[in-house]
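Notes follow the structure.
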Amino acid sequence: MRRVVSALASPQLLALLGVLLINWFLFPPFFRITWQDGRLFGSLIDVLNRGAPVAILAIGMAGVIATKGVDLSVGAIMAVAGAVAATMVVAGYPAPVAVVAALAVGLVCGLWNGFLVAVLDIQPIIATLVLMVAGRGIAQLITEGFIVTFTDPLLIFIGTGSFLGLPMAAVIALVLMIVVTLIIRRTALGLFIEAVGVNRAAASLAGIRSRMLLFLVYGLSGFCAAVAGIIVAGDIRGADANNAGLWLELDAILAVVIGGTSLLGGRFSVPLAVVGAIIIQAMNTGILVSGFPPEFNLIVKAGLIFIVLVIQSPLATRLVPVRLPKAEARK
Amino acid sequence: MNDTAYALEARGIVKIFGNHVALDNVNFGLLPGEVHALLGENGAGKSTLIKILTGAYQPTGGQVLADGVAVTLDNPQHAQKYGIGTVYQEVNLLPNRSVAENLFLGHQPTRFGFVDRRKMERDSREVLKRYGLDLDPASELGAHSVAVQQIVAIARAVELSGKVLILDEPTASLDRNEVERLFEIIRDLKARGLAVVFITHFLDQVFAIADRVTILRNGKLIETRTLDGTTRTDVVRLMLGKDVAFSGATGVEDARPLGEVLLDFKGYGKKRSVHPFNLTIHKGEVVGVAGLLGSGRTEMARIMFGADSADEGTVTVSGKPANISRPTDAIARGFGFLPEDRKVEGIFGDLSVRENIVIALQGKLGWFSALSRDEQLEIAGRFGESMDIRAASLDMPIKLLSGGNQQKAILSRWLATDPAFLILDEPTRGIDVGAHAEIVRTINRLRDEGLALVVISSELDEVVAYSTRIVVMRDRELVAELSGENINPGVIVQAIANHREGPPA
Amino acid sequence: MSRSLRPLVATAVIFAIAYALAVFQFPNMFSTRVLGNFLTDNAFLGITAVGMTFVILSGGIDLSVGAVIGFTGVLIAVLISLAGWHPLAAFALALAIAAAFGGIMGLAIHYLQVPAFIVTLAGMFLARGGASVITRDSIPVNHEFYTWISELTIRVPGGGRFSFIGLLMIAIFIIGALVAHRTKFGSYVYALGGNETSASLMGVPVARTTVGVYMLSSVLAALAGIVFSLYTSAGYPLAAVGVELDAISAVVIGGTLLTGGYGFVLGTFIGVMLLGLVQTYIIFDGTLSSWWTKIVIGGLLFLFIVLQRLIFAASTPGEKSH
Amino acid sequence: QADLSGKVIGFSQIGSESGWRAAETSVTRSEAEARGVDLKFADAQQKQENQIKAIRGFIAQGVDAILMAPVVATGWDDVLAEAKEAEIPVVLLDRGIDAPEDLYLTSVASDQVLEGRVAGEWLVNEVGDEDCSVVELQGTVGSSPAINRKQGFEEGIASASNIKITQSQTGDFTRSKGKEVMEAFLKSSNGGADICAVYAHNDDMAVGAIQAIKDAGLKPGTDIKVVSIDGVPDIFTAIAAGEANATVELTPNMAGPALDALAAYWADGTEPEKFIITESKLYTAENDPQGEYDRRKGLGY
Ligand SMILES: Nc1ncnc2c1ncn2[C@@H]1O[C@H](COP(=O)(O)OP(=O)(O)OP(=O)(O)O)[C@@H](O)[C@H]1O
Ligand SMILES: Nc1ncnc2c1ncn2[C@@H]1O[C@H](COP(=O)(O)OP(=O)(O)OP(=O)(O)O)[C@@H](O)[C@H]1O
Ligand SMILES: [Mg+2]
Ligand SMILES: [Mg+2]
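Residue numbers (this note's numbering), protein chains in the order written: chain X, 133 to 463; chain P, 70 to 574; chain Y, 12 to 333; chain E, 6 to 306.
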């Protein structure tokens, strides 16, 4: 119980609250939610709906970052998965088959990253950069550069449908978050992932199969990216290999970091990473509804990141700085 | 006290970490030309005091005076300006840089604004020669053994110290000759009027070199006194605050019947690492491994555990051939391994003490049978108590514990897996008398419970104390096996020193 | 041969082999013109990569460099074309702003203890956003100084042109190598990348060095922005998008470890040339579609890393086998 | 069609950021093939520096001519001077550049300002003298089509004081951003009741916006008018379904006229016109949208 209370007081949720209040201040109807055509409708719902893809990416990314890695390829994997699903339904395969195939392709992409990192021992940024560059090419190869439009009801439902009034994308993100959190925390996986991230040499001496774990976290990240890719394709009823997921890897990483996971590996929290994604989206939506000229988007974003990070930084939480341990806390 | 001309003085130092009082109103004064031993149990606050004296930490209260003037030391570099040179407890050098650069970093000789490498390397060669090291100063530090790195750290501190030299457990990884050479240098510096602080857990060394001693216990200053007229027992009593009987060699009674064979290594070895060796290990025995630094003991331990895989020979466990090429293979068969370098291969610094203790057990159980938090706390609490791990909470990150307590936690990690065979590499390195006795007691207890142990140690007295058998390594080769009568320091030294002649007896 | 030199040699050998193969297929690629183009066309990337090498050696990363290039280009274009400044004055202001910008990022990284990845990501948004706020248009620069610089080109037989900016890049590489390997600052950077705690206990001025590294990176990025502006005679807010990833690739392909502490400035030069070679090869080939171009670049990136890794895995320092 | 067999022509394309761009690439390839040209294709991945490299590479290779779709208007003087020095004619595709006119043979492009104006004028006609607040989905901030199409549209509606742009944001030329931004516009305009029309700088954003409007329970094309630019197949489907109202075509066939100009130039030295402007044709429901869709589908957008 006490843990729940202290989680609610976490800087992430406070930051989210702050961003939402600013949005409300700039755009008074921000919190207004109406019921329309069997679904909830309002800016807040948009935040959840639009934030879902990055939140899903962040779910996978959190595990990767906990092992001291990073996955730059998720945006490209989104494009690949979307392309696979779309071209398959257009070619006449049943939608469930297409979805499963797209998820499988995402998983394979993730395992490929895992292979480079775990077996070939390539540094994660560079290992995943390979797929970040090539992946989008593969997606375009599949769609031949065109937006593959489809009318399949299942895919469209995944992207734009609603469940209990909530957007399907947000529901999927929520379910994925709960399932992954349970798997990680109810098994020893979370402990092992953190152990590998903190000290891989010690982990392998303690009998942890760090390779398997790396395969697992990168595989999960690829899988999550595929889920996000299918959602994004379903949302616009077409696979846009050129733009789907473009630069979303940066948002996902940002979300995980805002969620309090250090890029140096170790302690991580999937739910807080999701909160991080929602914070980012709340910022984006706030900019859109408040009517800032678009030239200022990036500047506002930079400023808000900065504020969130300052709120979270050890300097603010612990006003008396200790000199030495901080040395390890960055890079 | 104003009339005493301290070179460096700490007055009323208080240091609080979170809500843990690491130092409580400690006074400490250093006279020029003295060697001052700083003693205390693990976690007594020695390293913390040193870090405050050298600007690495800022005190919560009290002040630091250099030559009687109050100073604020913002960082270690600032302290260097006051002529304070320091070797911190863990080797704190840069393995990625050359030996010469490690010696001179921050004050490299320059020519026209550029670092004069040639001069730097020439000077380095000179400096290292004084410590009997003949190595290429341009070589990477990380390519050398821990002992060599330790000597480089000491050499660096000596070069930097104009007035005060602080050594926090500098001898933990040095062999006798190297310690002797270090002492010569310290005596020389003392003669030149330097004040030297010397932290160690070896009382012999304290009595060999120190003039005065300051004893800390639980962050409090117990006493500062001259060593003249002080006995070992006095010192130990002051440190522990009670009387303990820690005697050196207890000796293990002869002719103990050996238990059944647990492990049998035949021609086991790895090219360019360890020569093939034969070793049979029985249940209920402790095999001590002696040898000089760098003789390949750690490497032998690593291939036994599968941390490096052997490329020749066979091993049988309880008579059945086994393939041990990864730690998981070894752990599945009930092996445990306490590595030599705690910081790099032992602890998970950011994880809690609790998690550090249960991790190997959990690894053995696998992903799905996860221990609940309560089970973890119960296990960690049980071992924390029986090993006397001193931590404010089992949920604090282990990196905040002192070295000795970290070591006990790692040992607990393996005991929690209910092992049949334990390999301990330098289990008592950098550990205070109390913890030392604790670990030796644990080794004896485990042996009596029927475990098989291989214990690597550079402390001959200690090896002799608990070993049923001793193997000696030299140049990566197992050269002798001693038992019975032969388990005594004299014979071991002879075996280590012997050249090419067959093993004694 | 010293252990840490091997990845460098590996890269050099790979480059030589790759170039030889390319020339074998397209003899035209071995000409002074192509060599001159290598230098001129990669000048801004090379200069950026020198700064990035320092950042990575110190164990950090700087994602803002591409945006700084774009910002600098726009700023000087506006100052010269719209405000009528002399280019040199505009350059000086741009470099000063970049120094302040990098310094602030360094301060935030050190004192707020926020990972460099995030701070420089925010810096990237800020600089890119700042550029679009100044102008959304691309602004041409027509100034006799620019013409004069572009005429400072050494022409050699075979159509080769060795331009001022190409030679400037070489000079920056030489200076960068001297600073990295021959000055105290350089040794502090390596120290930081090796182990920050040790470095601080050994008396390395960690704060100052961190700030210095990011300042250097931003200043070099601004210089690259100036070079880009000379190269295109214009300023455009969307110029050099994604150059940070190219620079990071060049540094890593050049044998510098992303974890910091090991590497050479010269390696980065070879890395930059390798990337240039790949692009030139693709252009000469001329049959790849847009997507195959991406796939081939990704594949070659993979190939280089794996080659380096496999041939010299055993000797790569700093990474013990696990 | 002239036969250009044996000619080697380099084509420096911006990238493949949109369906329209991919169509242009494939049309260029087929036009070249029809004339027997050996086309060397170089994709610049949206980067000017890569385009400059590509042109230098073409020069080093000694191609006969260069086609270039410039990513940005400025910064071409030096490299085009090099091409000129090597006597390689350069033809610009789909946008013009800020450079002396003697550096290139001709430029085949649409008039982007005109495109915007056509869209704007259509809207003026459409609404008559009713009040109309328009929301605008801009292209990528700083890109020249975004700047010009915005300007053209503003010119187009300048005469009608009843038409006002009330909100304007960038949708990055993509469907998903177009949809997201439109959702926000709807929220901040009284659920869409205050919006009379949406103007999108390209069709992809318009397609996204149409979905957003539908999700909000309104009828695109009726409750909110939709006008955009490009003429990609999907917008014709939308027009046929009554969900979009108008689009201004931007033809992907820039290479055809370019190659014809080159052929004439090589045949007898005919200097082509400096600016070959392609038509900016308006399509509405009256122009057989389903037929247009079918014709274009084969083109491979
Ligand atoms: N940065 C820190 N944060 C919190 N607690 C700390 C920190 N550093 C040290 N401590 C605590 O302060 C106490 C004193 O530690 P210190 O390292 O000074 O002991 P020590 O006497 O050097 O022990 P050892 O002989 O094992 O090295 C210990 O209980 C330790 O856990
Ligand atoms: N003087 C030296 N110079 C360079 N390398 C050395 C030196 N001494 C040892 N080494 C290397 O360091 C490694 C140390 O070996 P290992 O750790 O197995 O020995 P050890 O007997 O366990 O010694 P230690 O007590 O230091 O652990 C060996 O690989 C050896 O080659
Ligand atoms: Mg200590
Ligand atoms: Mg050892």
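The C-beta atom is built at its ideal place from N, Cα and C for all residues, glycine as well.
It should be emphasised that the depicted structure is a prediction, and the values quoted were computed from it without experimental measurement.
Check, Outcome
"Any chain E beta carbon closer than 8 Å to Y:T291", "yes"
"Proximity to X:A227 [Cα-Cα], best of X:P285, X:A190, X:R341", "X:P285"
"Residue environment, E:N250, which counts as buried when at least 16 other CB atoms sit within 10 Å", "buried"
"Contact test: E:S181 Cβ vs ligand 1 heavy atom, cutoff 7 Å", "no"
"Run of the alpha helix (DSSP H) containing X:A365, from where it starts to where it stops", "342-368"
"Beta-bridge pairing of E:P225 - partner residues as DSSP gives them", "E:I229"
"Ligand 1 heavy atom lying under 7 Å from the CB of P:H89", "yes"
"X:R317, enclosing alpha helix (DSSP H) - first and last residue", "300-318"
"Runs of beta strand (DSSP E) lying entirely within the region 130-214 of chain Y, each at least 3 residues, in chain order", "165-167, 171-173"
"P:N96: first and last residue of the uninterrupted beta strand (DSSP E) it sits in", "89-99"
"Strand pairing of P:L332, partner residues [DSSP]", "P:I350, P:V386"
"Proximity test, Cβ basis, 8 Å: P:L491 and chain X", "no"
"Buried/exposed call for P:L348, threshold 16 Cβ in 10 Å", "buried"
"Collapsed DSSP secondary structure at P:S316 in the structure displayed", "Residue placement at P:S316 cannot be trusted, given a pLDDT of 42 that sits under 50; what the coordinates show is reported in the next sentence. Three-state DSSP puts P:S316 in coil, outside helix and strand."
"Start-end ranges of the alpha helix (DSSP H) lying completely within the region 103-168 of chain P, minimum 4 residues", "115-122, 145-150"
"Cβ-heavy atom distance, P:F86 to ligand 1, below 7 Å", "yes"
"Rounded separation between P:R371 and P:D377 - CA only", "6 Å"
"Separation of P:V509 from P:G317, as counted between CA atoms", "Its pLDDT being 43, under 50, P:G317 is placed unreliably by the model, and the measurement read from it follows with that caveat. Cα to Cα, P:G317 sits roughly 11 Å from P:V509."
"Complete runs of the alpha helix (DSSP H) confined to the region 12-85 of chain Y [at least 4 residues]", "17-36, 43-52, 54-68"
"Chain E contacts from the region 144-161 of chain X (Cβ-Cβ distance under 8 Å)", "F159, P161"
"Between the CA atoms of P:Y535 and P:T319 - distance to the nearest angstrom", "Unreliable placement is indicated for P:T319, whose pLDDT of 46 sits below 50; no coordinate value is reported for it."
"CB contact check: Y:I316 to chain X, cutoff 8 Å", "yes"
"Cutoff 8 Å: X:S175 Cβ touching any chain E Cβ", "yes"
"DSSP bridge partner residues for P:G338 (one or two, in chain order)", "P:E381"
"Where the region 326-342 of chain X meets chain P: residues whose CB sits under 9 Å from a CB there", "E326, A327, G329, V330, N331, A333, A334, A335, S336, L337, A338, G339, I340, R341"
"For P:Y126 and X:L456, the rounded distance between their alpha carbons", "Low confidence applies here, because X:L456 scores a pLDDT of 32, under 50, leaving its location unreliable; read the following figure in that light. For X:L456 and P:Y126, the distance between alpha carbons rounds to 7 Å."
"Contact the region 209-219 of chain X vs the region 361-372 of chain X: 3+ CB pairs below 8 Å", "yes"
"Contacting positions in the region 261-277 of chain Y - beta carbon closer than 8 Å to chain P", "G272, Y273"
"Cβ-Cβ distance between E:R34 and E:D8 below 8 Å", "no"
"Under 8 Å between C-beta atoms of E:A49 and E:S17", "yes"
"Cutoff 8 Å; reference X:F247; Cβ partners in own chain excluding five residues on either side", "F347"
"E:F178, buried or exposed, once every other Cβ within 10 Å from all chains shown has been counted against 16", "buried"
"Where P:S526 sits in the DSSP three-state scheme", "coil"
"Short Cβ contact (8 Å threshold) for P:I400 with P:A478", "no"
"Proximity test, P:T179 beta-carbon vs ligand 6 heavy atom, cut-off 7 Å", "You won't find ligand 6 in this model; what it holds is ligand 1, ligand 2, ligand 3 and ligand 4."
"Contact test: P:D501 Cβ vs ligand 1 heavy atom, cutoff 7 Å", "yes"
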